[in-house]
DNA sequence: TTTGCTTATCTTTTT
DNA sequence: GATAAGCAAA
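Here is the structure:
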């Protein structure tokens with residue numbers, strides 16, 4: 063066994079956490095405080111103490127995170143760390159449900175619905191129930207999915223979810239209440255589970271079966287959970303039930319970094335942990351090893367403005383460094399040029415491409431930058447963008463594979479049949495109705511009787527499927543055979559980038575080679591989609607990432623884009639304190655990724671769909687940072703001269719070069735909606751009827767001064783609104 | 001029954 | 001600027 067001096071490698075608090083062998087432990091760890099390190103060394107220590115690796119379970123936010131940790135642990139005490147069970151909650155639940163799912167009436171080869179599948183299925187069922195249709199406005203697909211998902215995660219009351227998050231959809235309540243049970247039943251009958259079901263069903267299996275709990279308790283003697291602030295109630299229950307009999311659970315997290323509440327996560331979870339496990343030992347890691355002092359001063363200032371005070375105060379261990387930079391770009395193209403310049407400069411200074419990351423709120427914010435980087439020949443990877451599995455051609459091919467596995471998979475059938483020219487919704491329905499009735503659906507298809515022009519194509523598909531059924535081939539060949547049928551359709555529908563898509567299909571076959579059955583490949587693709595490129599190749603590239611996908615990672619240099627009102631906080635979240643607070647934590651997460659170089663950028667003009675270029679104010683979160691903690695980029699040359707306290711917020715960008723007459727300029731608001739800044743004073747006068755995107759129509763009943771008014775909404779009741787933030791419009795009373 | 005054209009709406013983050 | 005519903009023509 064390799065000899066490790068744990069005392070030398072860890073600080074006293076980390077060492078305490080690592081050395082506790084039994085009982086529940088809660089580690090509250092600040093950003094950059096070495097929580098990954100702590101988990102890695104604890105795994106190593108357990109194994110050094112003679113715990114068998116397969117008795118340990120390490121649950122992380124991504125599968126990659128678990129793999130990285132176990133690889134590091136292996137370097138410390140040896141390869142047997144690779145045998146530790148590790149992965150995501152969803153992946154683990156899936157594995158367990160394949161084994162124990164029969165206890166709640168699921169076969170072991172059930173199908174996982176990814177998000178797009180869930181959207182399509184809900185839409186289909188809503189149409190069947192005639193909830194959509196002429197003259198009826200039903201919530202959009204993605205809204206629908208969010209509501210259903212939230213409902214399942216928060217105890218099953220649609221009414222509560224609608225009241226809290228979607229008051230404008232209160233009229234759809236009866237429809238939703240009809241839809242949800244139908245959706246539930248459909249999934250059960252067709253052996254489908256969506257992401258929520260994986261967790262909820264696994265919880266139910268544990269809850270209802272003492273023998274499963276006991277077997278879990280003796281199988282995994284040590285459970286560790288990373289990023290615990292981003293788990294939901296079901297996950298907390300699962301942990302509790304699985305630790306049955308030993309309570310050797312260590313959870314690690316940071317309440318200030320909770321950014322996934324839209325997915326049902328609740329950071330109060332982490333505070334409730336000691337209530338769930340009596341005798342919990344709490345350890346705080348408050349030393350920051352990642353960032354320099356000036357960076358930390360700045361990030362501390364960001365989180366200091368949070369409404370809820372957090373549990374710890376971070377102190378930097380690294381001295382030296384410069385305050386973070388602030389750059390005001392003219393507009394987004396200029397911002398992209400600036401960032402590309404900085405990247406090239408950093409590379410010249412000896413940074414590796416993989417030392418640098420560029421972060422932003424939403425995928426499309428990096429559009430201009432991607433163009434600029436490509437133009438200069440700088441290679442990058444984008445995380446959190448469009449995944450391979452989300453593109454149409456990949457989904458088409460996987461749908462063919464699914465039909466082969468499960469000939470009753472309605473969604474996949476309809477996807478495939480609609481590919482065929484001159485075959486539409488009605489014919490697809492008719493064909494499926496026939497298939498479902500017949501004893502042998504594939505046989506039925508290969509002899510399908512019709513006068514329509516597409517008859518031959520459909521029968522051809524049937525005979526290919528029949529052939530593939532009868533002869534066992536390996537997964538790669540199988541995909542190739544299916545692809546042969548698919549190619550003409552691909553060519554017809556996507557003729558402009560046909561070759562590129564063909565290449566990606568070949569890539570999919572490459573992935574398939576790693577699996578020996580289609581069921582586990584489909585599950586893996588849904589739970590942990592592989593990146594476009596191989597991980598090996600990705601290793602030394604510049605990273606472009608959404609702030610969410612940057613969680614848990616660090617870089618020497620970080621540039622954060624588009625910190626302007628209307629971009630960040632996201633307009634969709636600018637209403638409601640809870641959402642704003644989460645956006646603030648998100649900003650905190652993004653800024654704490656930087657070790658040395660940190661730069662905030664915002665464009666003085668933002669382009670808004672349809673309207674063109676409009677002036678934008680710096681993000682409210684930037685404005686909250688005391689000016690002396692930042693330095694303007696252009697001052698860098700003047701030996702780090704600090705910002706003029708009063709004036710940096712009014713940095714003059716030459717308006718005339720951009721938009722002609724400054725007096726005509728409208729202000730773009732926090733919510734991305736325009737209004738004339740000086741405003742015609744009478745627009746929001748007492749008694750006027752107004753409309754709010756969430757609360758619907760209402761009447762102004764009071765003017766509180768300082769741009770605040772009180773409105774009595776027809777449905778949502780009385781609310782106080784700030785005119786600078788609320789998306790209000792006047793309803794014409796004529 | 002399918003397809004192509006017009007119009008209205010909404011624009012985030014992800015296992 | 002994409003997406004879905006609605007409508008008219010083939």
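In the working numbering, the protein residues as written are 63 to 796. Positions of the beta carbon are idealized from the N, C-alpha and C atoms, including for glycine. Remember, predicted model here, so these are calculated numbers, not experimental data.
Residue i - DSSP class collapsed to helix/strand/coil
i           : result
residue 281 : helix
residue 312 : strand
residue 765 : strand
residue 355 : helix
residue 124 : coil
residue 509 : coil
residue 89  : strand
residue 524 : helix
residue 726 : Bear in mind that a pLDDT of 33 at residue 726, under 50, signals an unreliable position, so the number given afterwards is only what the model happens to contain. The answer is helix: DSSP assigns residue 726 an H, G or I state.
residue 560 : helix
residue 538 : helix
residue 739 : With a pLDDT of only 35 at residue 739, under the threshold of 50, the placement of this residue in the model should not be trusted, and no figure is reported.
residue 336 : helix
residue 419 : strand
residue 425 : helix
residue 675 : strand
residue 346 : strand
Minimum C-alpha distance to residue i - residue among the options
i           : options               : result
residue 403 : 771, 621, 176 and 647 : 621
residue 494 : 512, 509 and 472      : 472
residue 555 : 500, 501 and 484      : 484
residue 523 : 531, 542, 547 and 535 : 547
residue 375 : 558, 550 and 346      : 346
residue 181 : 190, 163 and 204      : 204
residue 461 : 474, 455 and 369      : 474
residue 116 : 147, 356, 70 and 545  : 147
residue 530 : 519, 517 and 545      : 545
residue 608 : 423, 463 and 526      : 423
residue 329 : 515, 666, 372 and 565 : 372
residue 281 : 310, 662, 326 and 215 : 310
residue 125 : 356, 575 and 289      : 289
residue 692 : 669, 659 and 128      : 659
residue 296 : 312, 616, 269 and 239 : 269
residue 259 : 228, 283, 163 and 322 : 163
Residue environment, residue i, which counts as buried when at least 16 other CB atoms sit within 10 Å
i           : result
residue 141 : exposed
residue 5   : The structure shown has nothing for residue 5, since the chain only spans 63 to 796.
residue 654 : buried
residue 391 : buried
residue 583 : buried
residue 764 : exposed
residue 76  : buried
residue 532 : exposed
residue 464 : buried
residue 647 : buried
residue 840 : Residue 840 is absent from the model: the chain starts at 63 and stops at 796.
residue 559 : exposed
residue 688 : exposed
residue 690 : exposed
residue 434 : buried
residue 568 : exposed
residue 444 : buried
residue 437 : exposed
residue 477 : buried
Quick check for students: name the residue ranges of the beta strand (DSSP E) that lie wholly in the region 250-307, counting only runs of 3 or more. With a minimum length of 3 residues, the continuous beta strand (DSSP E) runs that stay inside the region 250-307 are 284-287.
Validate contact between the region 229-238 and the region 142-156 using beta carbons, cut 8 Å, 3 pairs: no
Any contact of the region 622-634 with the region 674-689, i.e. 3+ C-beta pairs under 8 Å? yes
Is the region 449-461 touching the region 632-647, taking contact as three or more C-beta pairs under 8 Å? no
To test your reading of the DSSP string, which unbroken alpha helix (DSSP H) runs of 4 or more residues are found completely within the region 149-219? You should have 151-162, 177-190 and 203-215.
Would you check if the region 340-352 and the region 92-105 touch, i.e. whether three or more CB-CB distances between them fall below 8 Å? yes
Pairing CB atoms from the region 354-368 with CB atoms from the region 327-344, are three or more of them under 8 Å? Output reads no: the region 327-344 does not touch the region 354-368.
Return the chain-ordered ranges of every alpha helix (DSSP H) run that is complete within the region 456-500 and spans a minimum of 4 residues. 472-479 and 487-499
Pairing CB atoms from the region 236-253 with CB atoms from the region 79-88, are three or more of them under 8 Å? Fewer than three Cβ pairs drawn from the region 236-253 and the region 79-88 lie within less than 8 Å of each other, which leaves the two stretches out of contact.
Restricting to runs no shorter than 3 residues, where is the beta strand (DSSP E) found entirely within the region 614-671? 617-622, 656-665 and 667-670
Determine, using beta-carbon pairs with one atom in the region 155-173 and one in the region 252-263, whether at least three such pairs fall under 8 Å. yes
Does the structure place the region 126-140 close enough to the region 102-111 that three or more beta carbon pairs sit under 8 Å? The answer is yes - the region 126-140 touches the region 102-111, with three or more Cβ pairs under 8 Å.
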